[in-house]
Every structure is written in C-alpha cells, then in structure tokens.
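Oh and the sequence shown: position 19 is 19 in my numbering, straight run, nothing missing. Just so you know, even glycine gets a beta-carbon here, dropped at the ideal spot from N, CA and C. All of these numbers come straight from a predicted model, not from anything done at the bench.
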Amino acid sequence: MEKEQRKRWFRDFLRVLKYQPLSWHLARWQKTCSSSYQGEEQRVFRAPGPNYFHRWGWFLAPSKGKGPEEDRLEKPQLKGLKRAYHVFEKYLPIFTSFSFVVGVIVGKIIPKFAEGVDGAVSGFVNGYSTIAPIAIYFVLTPALIKIVGMPRGTNGKRFGFFAVGFLMRQRLATCFWACLFTTIAFGLPVYTSGSITLREAFSKSISTFVMMATHSNYFYAFYASFLTVPIALKIKWIRTTITKPTDWLESGGRLLVPIIPVFMIAIGSYVSHLDVNIADQIGSMEGLTLHPIKLFGLTVAPVGYGMVWIYLMGAFATAITCWVWHLVLIGYTKVKLGSHFSLKTYFTKYLPPIYPLLWATCSESLGMPLNLNLVKKYYPEIPPEVRRFCVGGGTTLSINGTMNCVFVLAAVVCQLLGIQLSLTQLFMMLPIVFLMGYGVPGMPGELILFGGPIVALLGLPPEMAKFFIAIYVGIQIGLPDSFRSATNSTDNCVSAHLMVEVYERKYASQPAVGGGGGGLQPVMGE
C-alpha cells in the first residue's frame, strides 16, 4: 500500500508540475496530503510531504496570485503592496498629469532644481552620439532576427510574410500622412527657398542622404545589424546574446512605472527652464536666437512660459495627427468588415481600459499583456495566431504613432531654431524614419534614437546639431510620448481585424507545406 501511494503521489507531482508553476504545486500538494490521504497512510507520508513543503513554501513560492492556494502562501505585507500598486496604476494618468504641473511650478520657483535637471539632460546629450548607435544596434538586430528567422515551409511562415508586408504598407501610409499633416499644420513650403527648382531640392537632399549613409555612425549601426542577422541565425549563442539586452530593457520597463510621476516632475521642471537654458547657450553665438513657432495660424514666442506652450503645442499636434490617423484606420476597417467590427464594443469596452495605461506608462511593451487579454475577451473571432502576431509583434512592427510624432516634432524644433524645413526634406527623411522604426523598443522616450539621423540628414553644422538634439530630446518626452504610444498599440487591435479575413481565406484552411511544424509561431504566450 505504501509503495502504491508513493507512485500515485509522484505521478500527481509530475502532472501538476508540467502545467502549473512550482508555487501552485507546493500548495496543492500540501492540500492533497491533508485531505486525500487519511488514516495510517497520511501518518506515513506526513513527515516527508506536507511538513517539508509548509516549512519551505514561504521561501519558494512567488507571489503571483494564481489561486487561493497561493494566497495562503503570500505574506500579508506583499498583499498590501499589491493593492497599493494596483490603485496607483489605476490612477496613474492623474498622478502623471499632476506631477508635470508640479514640475513646471517647482522649476519656476526653485531655479537650482531646474538647473540640476538641465545639467542631467546636458550630460545625456553629450554622450548621446556614442550611446545612440549602440542602442540602435541592440534594438534593431533582435527585430530583424525575429522576422528573418520565422519557420520555413509553414502556413505561419506565409502568413508572417503577409502580415509583415501589410504592416509595412500601413507604416508607409502613416509616414506620408505625417509629412502632409506637418506641412499643412506648420505652413511649410514644398521645397526650401534656397533651391531654385524642385529638382535641385531633391538633388541636394539625396546628396545629403548619401553623405550620411557613408559617414554616419547611425548607418554604421544599421550595417552592423544587417551583417549580424545571418550569423546569429546560424550560431545560437550569438542570437541569444544579441536578444538578451532588448529583453532586459523591455522587462525592466515595468520597474519604471512607480517612478513615472518623479520623471514627470523632472520633465516639467526641464521644460519650464528650457527657454532660459537654450537661449543662454544660443545667445552667445552670433546671429542665432530662438524663433517663434506657428501652428494652424497660432504663433507662440519662446519667452517666459512660452516654451511650455510650445511644448504643449507639439504634444497637441502629435495628438491630432495620431487621432486623425487612428480614426481613419477605424473607419476603413468598419467599411471593409461591416457588422463584423463593432464600433460600440471598441469605444466602450476595449479602448477605455487600454488607452489610459498606454498613455500613462508611454510603453507598448507594458501594455501588451493587457492588450492581448482585451482583444481575446472582446474579439474572440480573431484567431490566436493573428492576435498574437499583430498585438505581440506589433510592439515593434507597428508603431504608427511614433512615425507621426517624428515628423511633427522635427518641424517644431526646426521652426524654433530658425531652420528652413520643406515638404521635400520631410519626404527625404521618410526612408530613414521608416527603417529606424523597426529598431525602437517599446519603452518611454524611444524617439531620442531618431534625433541624430535627422540632424545628419538635414546637414546641420555640429554647433547647431547639439542644440537641435537638446531640444528634440526635451520636447519628445512626456505628453507626445503618451499620445504616440497609445496609438501604436491600439492600431494593432484594428490591424488584427483587417488580417482575419485574409488569414482564414488563404492560410488557416491550407495544410502546411514542406518542413515540419504548422501554424504561426506565437510571439508571446497567454
């Protein structure tokens, strides 16, 4: 009897361990020992079984709240911290907005505090040209490995290529829309006044692009990434080493959530003092001053609180271009799918919980688990393959909000520094912005990676490039980041609807071809 009980006990252990986390197994085993094995058998197994796991359960069991068994193993202090964290996360948009206002007020009242923040930002800008190409390499390479390394000869492989192509066309359309919106909103000319003809304007922009492609550290990062991909696909340890930094970067973003209000205080202080800091630096250079910007006919000068208003105008322009793009995409989806896509469900059930989280955290990666859950809950007709690829992989492949923001803020900074910008130059920026979009991580402040390449493409002298990057880094953090991140992730839900029909008609019903394995490889488990 004792031998049979041990076999049954060990078999249950293996079965549970296969499908449940270790902490669930520990609690379940303890419960089984106290309820299922009665009499003499229970006394035989009590010493090596439940007593042992009860003694070590507090140390081994992580507090993830998987069920009532784990709740008994969770310390009361951790439960209190979890509740406080959930309350904080729920009202994070309010805390974030309030913190920004506090930062602006503190920056004006306590100049020393604002100067300290300015010093920290200046230190970051000084090391930017060295750090940014390295960051571009480590975030672009894993994305290319994921795309190129999809399994061959399967329906998932073919659908993967279709999905990537679909998102590429969508991103290209976004870039064209951003160029047109920026030109209209800021009243930009078709080509710079220094060029006599449109042909000469294109010729000058192309020559600048070629010069950047052969002399820029940022393009060297692209080339290194392209060369690394085939090697990483052949050698596993290289692939693992390359992908880990990005995984750590995105996973570590969760630790930033509780201190987002602190960052917003610093951002508010920095923005409130930005006019003084930049004006002092530029004022010492002959012929260079800060210029007012003009948005939809409204002109704001960068004096006093004018820099704050310029920052808010940049955020407002980002919000408008992102919202218009997203509404057009929703309208197109509704026309194409009809009753299969419910606007009521989208605006009343899906959007309210996901948009505030994305807006407050400025991170697509942090919002991805909730996004997957909401799409699965409210749109069960979307197959898991499509849902996981569009929502999971979309954090890198679909960043339409970021594409809009790059062009809008580039126009803001150019007007502020008196740099002539035209529609032609925006179109010439399009290829590099399009390509770099595949290398930005889903984390707050991702737009800083675009500053250097834009400076090189515009052909700015080194002294002007420093100020361009300083302002570009300053105004892209906070509210613009919030609006573009929210658009990035919510676009993925709409894109998943557009792909369902094609997936079911062309890929889901066809048998796998060639090599083993069927179906699309999931980007993220649920």
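For Glu504, name the three-state secondary structure that DSSP assigns.
As a first step, residue 504 must be located in the sequence shown, where it is residue number 504. In the structure shown, Glu504 sits in a helix (DSSP, three-state: H, G or I).
Of the residues Val473, Thr318, Asn492 and Glu501, which one's Cα is nearest the Cα of Glu381?
Residue 381 sits at position 381 when you count from the first residue of the sequence shown. When only C-alpha atoms are compared, the closest one is Glu501.
Taking Pro315 and Pro93 to be in contact with their CB atoms under 8 Å, please state how far apart those CB atoms are, rounded to whole angstroms.
The residue given as residue 315 occupies position 315 in the sequence shown. The residue given as residue 93 occupies position 93 in the sequence shown. First, the amino acid is wrong: residue 315 is Ala here, not Pro. 14 Å between Cβ atoms; not a contact.
Label Leu172 either buried or exposed according to how many other C-beta atoms from any shown protein chain fall within 10 Å of its C-beta, with 16 as the threshold for buried.
If you number the sequence shown from 1, residue 172 lands on position 172. The residue is exposed, with fewer than 16 neighbouring Cβ atoms inside 10 Å.
Going by beta-carbon coordinates alone, are Trp309 and Ala486 separated by less than 9 Å?
Your numbering for residue 309 matches position 309 in the sequence shown. Your numbering for residue 486 matches position 486 in the sequence shown. No. Outside cutoff.
What's the call for Ile235, buried or exposed, on a 16-neighbour Cβ count within 10 Å?
Taking the first residue of the sequence shown as 1, we reach residue 235 at position 235. That one is exposed.
CB-CB under 8 Å to Pro383, same chain, minus the five flanking residues each way: which ones, in chain order?
Locating residue 383 in the sequence shown gives position 383, where the first residue counts as 1. Contacts found: Val500, Tyr503, Glu504 and Ala508.
Looking only at DSSP bridge pairs, what is Thr299 linked to?
In the sequence shown, the residue the question calls residue 299 occupies position 299. DSSP lists Lys294 as partners of Thr299.
For a quick check, are the C-beta atoms of Lys100 and Ile267 less than 9 Å apart?
Counting from one through the sequence shown, the residue named residue 100 turns up at place 100. Counting from one through the sequence shown, the residue named residue 267 turns up at place 267. Rather than Lys, the amino acid found at residue 100 in this sequence is Phe. Closer than 9 Å, so yes.
Given a threshold of 16 other Cβ atoms within 10 Å of its Cβ, counted over all protein chains shown, does Leu498 qualify as buried or as exposed?
Along the sequence shown, read from residue 1 onward, the residue named residue 498 stands at position 498. Classification of Leu498: buried, given that the 10 Å Cβ count is 16 or more.
Provide the residue span of the alpha helix (DSSP H) that contains Thr96, from first to last.
Along the sequence shown, one-based indexing puts residue 96 at 96. Thr96 -> alpha helix (DSSP H) spans Leu92 to Ile109.
For Tyr270, I'd like the list of residues in its chain whose CB is within less than 8 Å of its CB, leaving aside the five on either flank, ordered along the chain.
Taking the sequence shown and counting its residues from 1, the one referred to as residue 270 is at position 270. Excluding sequence neighbours, Tyr270 sits near Gly103, Gly107, Ala114, Val117, Asp118, Val121 and Gly474.
Give every residue of the same chain whose Cβ lies closer than 6 Å to the Cβ of Arg55, excluding the five residues on either side of it in the sequence, and list them in chain order.
Along the sequence shown, one-based indexing puts residue 55 at 55. Unreliable positioning characterises Arg55 in this predicted model, as indicated by a pLDDT of 38, which lies under 50. The coordinate reading is nonetheless provided below. Excluding sequence neighbours, Arg55 sits near nothing in its chain.
Check whether the segment 488-498 and the segment 323-342 are in contact - that is, three or more C-beta pairs closer than 8 Å.
The answer is yes - the segment 323-342 touches the segment 488-498, with three or more Cβ pairs under 8 Å.
For Met264, which residues from the same chain have a beta carbon less than 7 Å from its beta carbon, with the 5 sequence-adjacent residues on both sides left out?
Numbered from 1 along the sequence shown, position 264 holds the residue referred to as residue 264. The residues are Thr96, Ser99, Phe100, Gly103 and Gly478.
Within 10 Å of its beta-carbon, does Val386 have 16 or more other beta-carbons around it, so buried, or fewer, so exposed?
Translated into positions along the sequence shown, residue 386 becomes position 386. Classification for Val386: buried.
Quick one: complete alpha helix (DSSP H) runs, 4+ long, within the segment 393-462?
Counting only runs of 4 or more, we get 394-397, 400-417, 423-436 and 448-458.
Is it buried or exposed, Ile242, if we count other Cβ atoms within 10 angstroms and call 16 or more buried?
One-based indexing of the sequence shown puts residue 242 at position 242. Buried: at least 16 other Cβ atoms inside 10 Å.
Looking at the secondary structure, which residues open and close the alpha helix (DSSP H) in which Lys234 lies?
Start at 1 with the first residue of the sequence shown, and residue 234 comes out as number 234. Taken as a continuous stretch (DSSP letters only), the alpha helix (DSSP H) holding Lys234 covers Asn217 to Lys234.
Evaluate the contact criterion for the segment 396-407 versus the segment 168-187: three or more CB pairs, one atom per stretch, below 8 Å.
Touching, per the Cβ criterion.
With DSSP as the reference, label Leu343 as helix, strand or coil.
As a first step, residue 343 must be located in the sequence shown, where it is residue number 343. Helix at Leu343.
Determine the burial state of Ala84: buried for a count of at least 16 other Cβ atoms within 10 Å of its Cβ, exposed for fewer.
For this step, residue 84 is matched to residue 84 along the sequence shown. Looking at its Cβ environment, which holds fewer than 16 other Cβ atoms inside 10 Å, Ala84 is exposed.
Should His273 be labelled buried (16 or more other beta-carbon atoms within 10 Å of its own) or exposed?
Within the sequence shown, the letter at position 273 stands for residue 273. His273 is buried by the Cβ-count criterion.
Around the C-beta of Glu463, are 16 or more other C-beta atoms found within 10 angstroms, so that it is buried, or is it exposed?
By one-based count along the sequence shown, residue 463 stands at place 463. Its Cβ having fewer than 16 others within 10 Å, Glu463 is exposed.
In angstroms, rounded to a whole number, what distance separates the CA positions of Ile448 and His215?
As a working mapping, residue 448 is identified with position 448 in the sequence shown. As a working mapping, residue 215 is identified with position 215 in the sequence shown. Rounded to whole angstroms, Ile448 to His215 spans 20 Å at the Cα level.
Distance, Cα to Cα, Val412 vs Ile293?
Counting from one through the sequence shown, the residue named residue 412 turns up at place 412. Counting from one through the sequence shown, the residue named residue 293 turns up at place 293. Each residue's alpha carbon lies about 7 Å from the other.
Rounded to the nearest angstrom, how far is the Cβ of Asn400 from that of Asp491, given a contact under 8 Å?
Counting from 1 along the sequence shown, the entry for residue 400 is found at position 400. Counting from 1 along the sequence shown, the entry for residue 491 is found at position 491. Yes, Asn400 and Asp491 are in contact; Cβ-Cβ is about 5 Å, under 8 Å.
Going by beta carbon distance, what residues of the same chain come within less than 7 Å of Pro261, once the five residues before and after it are set aside?
The residue labelled residue 261 in the question sits at position 261 within the sequence shown. Cβ within range, chain order: Phe95, Thr96 and Ser99.
Alpha carbon to alpha carbon, how far is Gln608 from Val433?
Any question about residue 608 goes unanswered here, given that the chain covers just 1 to 526.
Cα separation between Pro353 and Val328?
As a first step, residue 353 must be located in the sequence shown, where it is residue number 353. As a first step, residue 328 must be located in the sequence shown, where it is residue number 328. Between Pro353 and Val328, the C-alpha separation is close to 21 Å.
Got a sec, what are the start and stop residues for the alpha helix (DSSP H) Val386 sits in?
Taking the sequence shown and counting its residues from 1, one reaches residue 386 at position 386. Taken as a continuous stretch (DSSP letters only), the alpha helix (DSSP H) holding Val386 covers Pro384 to Arg387.
Return the chain-ordered list of same chain residues with a C-beta closer than 7 Å to the C-beta of Ala213, the five sequence neighbours on each side being excluded.
The sequence position of residue 213 within the sequence shown is 213, counting from 1. Around Ala213: Phe219.
Between Thr299 and the rest of its own chain, which residues show a CB-CB distance below 8 Å, the 5 nearest in sequence each way excluded?
For the purposes of this step, residue 299 is taken as residue 299 along the sequence shown, with counting starting at 1. Pro292 and Ile293, listed in sequence order.
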